[in-house]
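Participant:
Encoded structure:
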């Protein structure tokens with residue numbers, strides 16, 4: 001939420017050398033239509049599963065950020081994930097933190113809707129991209145034009161934004177995390193002021209999970225530390241038990257849904 005699959009532009013090419021990559025727009029973000037039902041985490045995860053089914057993909061290695069990371073953990077709880085790298089997953093912030101985060105997301109929506117016509121010209125320069133993406137990135141000058149456009153798609157253009165904010169973020173309470181049986185790596189940027197340290201709270205809830213802080217990284221560190229993110233996906237996938245019936249395909253969830261839209265990067269045979 002607050003971006004689109006474009007936010008993973010920095011990591012998809014290298015991931016595609018190792019995996020078949022399916023990049024998803026969650027419901028109401030990017031090219032995906034919004035859900036008719038309440039956009040809870042469960043409903044959004046249902047939409048992601050329908051997309052996986054439509055693509056003929058079974059259990060997958062999942063990389064997700066923020067709400068996408070929360071959906072990744074829900075996929076793992078349902079047994080649909082082979083491994084998970086969850087960057088700053090939502091869901092475990094306490095009420096004061098939820099008020100703070102909700103207020104920030106509401107302000108970002110209003111500001112981005114107002115400034116939407118400026119996003120395209122600002123995205124062409126490092127200074128412009130830095131100004132737009134500084135709240136999400138520790139190194140916003142290293143971002144691409146695609147990531148800046150993704151922020152517009154996630155905040156300004158997103159459909160059903162307010163219901164998603166309410167049901168998927170502010171009212172969400174994770175349950176059943178103890179049922180997760182696949183390898184999970186929890187990741188958070190040291191400069192992430194949005195998640196308020198909630199990522200580590202998943203450690204005692206998810207059996208065998210590991211935590212990795214990222215220096216010089218913000219809430220969405222895919223372009224802050226792309227090689228590190230790719231390495232964490234490879235390492236976490238490497239801890240997964242062999243499963244001959246599963247394809248090695250990480251579902252890259254930026255903020256997204258279905259009809260969740262799937263943007264397919266290169267699809268080589270995994271090695």
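Numbering (the UniProt record's numbering), first residue to last: 1 to 271.
Think of the CB as a built atom: it goes at the ideal place given N, C-alpha and C, for glycine as much as any other residue.
For residue 270 and residue 20, I'd like the C-alpha separation in whole angstroms.
Facilitator: Residue confidence for residue 270 is low, a pLDDT of 34 falling below 50, so the modelled location carries little weight; the figure read from the coordinates is stated next. Near 6 angstroms, if we compare the C-alpha coordinates of residue 20 and residue 270.
Participant: Using beta-carbon positions only, say whether residue 41 and residue 172 come within less than 7 angstroms of one another.
Facilitator: It is a contact, given that the beta carbons lie within the stated cut-off.
Participant: DSSP state of residue 275, grouped into three classes?
Facilitator: This structure leaves residue 275 out entirely; the chain is present only between 1 and 271.
Participant: By how many angstroms is the C-alpha of residue 189 removed from the C-alpha of residue 10?
Facilitator: When rounded, the distance between both Cα atoms is 16 angstroms.
Participant: Determine the burial state of residue 129: buried for a count of at least 16 other Cβ atoms within 10 Å of its Cβ, exposed for fewer.
Facilitator: When all chains shown are included, residue 129 counts as buried.
Participant: Whole angstroms is fine: what's the gap from residue 247's alpha carbon to residue 59's?
Facilitator: Here the model assigns residue 247 a pLDDT of 49, short of 50, so the residue's position is not dependable and the matter cannot be decided.
Participant: Does the beta-carbon distance from residue 27 to residue 44 come in below 7 angstroms?
Facilitator: Result yes, Cβ atoms of residue 27 and residue 44 sit closer than 7 angstroms.
Participant: Can you tell me the Cα-Cα spacing of residue 234 and residue 165, whole angstroms?
Facilitator: Approximately 31 angstroms, taken between the alpha carbons.
Participant: Consult DSSP for residue 87 and reduce its assignment to one of helix, strand or coil.
Facilitator: Note: residue 87 maps to strand in three-state DSSP.
Participant: From which residue to which residue does the beta strand (DSSP E) around residue 211 run?
Facilitator: Taken as a continuous stretch (DSSP letters only), the beta strand (DSSP E) holding residue 211 covers 210-214.
Participant: For residue 230 and residue 15, I'd like the C-alpha separation in whole angstroms.
Facilitator: So the alpha carbons of these two residues sit roughly 6 angstroms apart.
Participant: For the candidate residues 238, 197, 50 and 226, whose alpha-carbon lies nearest to that of residue 89?
Facilitator: It is 197.
Participant: What are the boundary residues of the alpha helix (DSSP H) that includes residue 101?
Facilitator: Per DSSP, residue 101 belongs to the alpha helix (DSSP H) from 95-122.
Participant: Of the choices 133, 177 and 206, whose alpha-carbon is the least far from that of residue 221?
Facilitator: Ranking the options by Cα distance to residue 221, first place goes to 133.
Participant: Relative to the alpha-carbon of residue 31, which residue among 195, 101, 153 and 232 has its alpha-carbon at the smallest distance?
Facilitator: For the residues 195, 101, 153 and 232, the minimum Cα distance to residue 31 belongs to 153.
Participant: Any heavy atom of the ligand COA within a distance shorter than 6 angstroms of the CB on residue 12?
Facilitator: The ligand COA is not part of this structure, which contains no ligands at all.
Participant: Take the Cβ of residue 114 as the centre, count every other Cβ of all protein chains shown within 10 Å, and call the residue buried at 16 or more, exposed below.
Facilitator: It counts as exposed.
Participant: Check whether the segment 70-84 and the segment 103-118 touch, using three or more Cβ-Cβ pairs below 8 angstroms as the test.
Facilitator: The segment 70-84, when compared against the segment 103-118, does not touch it at the 8 angstroms Cβ threshold.
Participant: Considering just the uninterrupted stretch of the beta strand (DSSP E) at residue 63, what are its terminal residues?
Facilitator: Segment 60-65, the beta strand (DSSP E) holding residue 63.
Participant: Decide yes or no for the touch test of the segment 44-53 against the segment 144-152: beta carbon pairs closer than 8 angstroms, at least 3 of them.
Facilitator: Result no; under three Cβ-Cβ pairs closer than 8 angstroms.
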